[in-house]
Amino acid sequence: IYTATTMIIIAYLLGSIPSAVWIGKKYYGIDIREHGSKNAGTTNMLRVLGRRAALPVFALDFLKGFVAVTIIELMQYDDLIGQNDLINLKIVAVFAAVLGHIFPIFAGFRGGKGVATLVGAVTGIYPPVALLCFGVWLVMLMVSHYVSLASMVAGCCFPVFTLISPKVNGSTAFVVFSFVIAILLIYTHRKNIERLKAGTESKTFIWKPRRV
Ligand code: G3P
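Spelled out as structure tokens, the structure:
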């Protein structure tokens, strides 16, 4: 139980590393939370500071989630506890990492929306489900050019992919977790929803539209 608690605290601290805030401050002299959508995440870094700033932020935020679950796997916990407890511990660790990202202890509890950290964590647990969600996200982004909409739709597809995935289907806790995550993502994107309704959400183009 002590080791499990330690793992959860480590996951929260990992999630709390405010990569967007630190990179913005150290290399560009700005607090990203005062610019653009005011979100400390990859999309806003891309919007305000460009690709060179956004890429390391995505990589670090992704890794926070990935490492949080992978260290549990590497500890070979399954020798000590059953497979069911192992997946439950991973789920709690994902929550801790994502909550750390949204409410980082190292950045005044004002962080991002949890998408990249979540993708990293799910990749660490069930890569095919993460890949399917990424596919939906990419298609939605290419069609709408709204990252927030793409993230929410991919988030809502997460429980669906979880339900149809034979491996994941064995874990009721993971299914419940996927539904809670979908709701959490809608919650963290509540301001984006308002902007989308008002038609003021800014668009993101992965490839800049060519001028003719
Ligand atoms: O991952 C966050 C993204 O879905 C939206 O970011 O900056 O447009 O609010 P942003």
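In this text, residue positions in the sequence shown follow our numbering: the first is 883, and each later residue adds one. Each residue gets a CB set at the ideal place from its N, CA and C atoms; glycine is no exception.
The three-state secondary structure of Ser1060, taken from DSSP, is helix.
Pairing Val951 with Leu1045, the inter-Cα distance amounts to about 21 Å. Residue environment analysis places Asn966 among the exposed positions, since fewer than 16 neighbouring C-beta atoms fall within 10 angstroms of its C-beta. Ile984 and Ala922 have their C-alpha atoms spaced approximately 9 Å apart. When the beta-carbon positions are compared, Tyr1028 and Leu1078 come within less than 8 Å of each other. Between Ala1036 and Met1024, the beta carbon gap of about 13 Å keeps them out of contact (Cβ cut-off 8 Å).
The C-alpha of Ile905 lies about 11 Å from the C-alpha of Ile899. Here Arg929 is buried. Its C-beta has 16 or more other C-beta atoms within 10 Å. If you draw a 10 Å sphere on the C-beta of Phe944, you find 16 or more other C-beta atoms in it, and that means buried.
Ile973 sits in a helix when the DSSP states are folded into three classes. If you draw a straight line from the Cα of Asn970 to the Cα of Leu1014, it comes to about 22 Å. Not a single heavy atom of the ligand G3P lies less than 7 Å from the C-beta of Lys1085. For Val1062, the Cβ stays outside the 7 Å cut-off from all heavy atoms of the ligand G3P. The continuous stretches of alpha helix (DSSP H) do not include Ile912, and DSSP gives it neither H nor E. For Gly1006, the secondary structure class from DSSP, reduced to helix, strand or coil, is helix.
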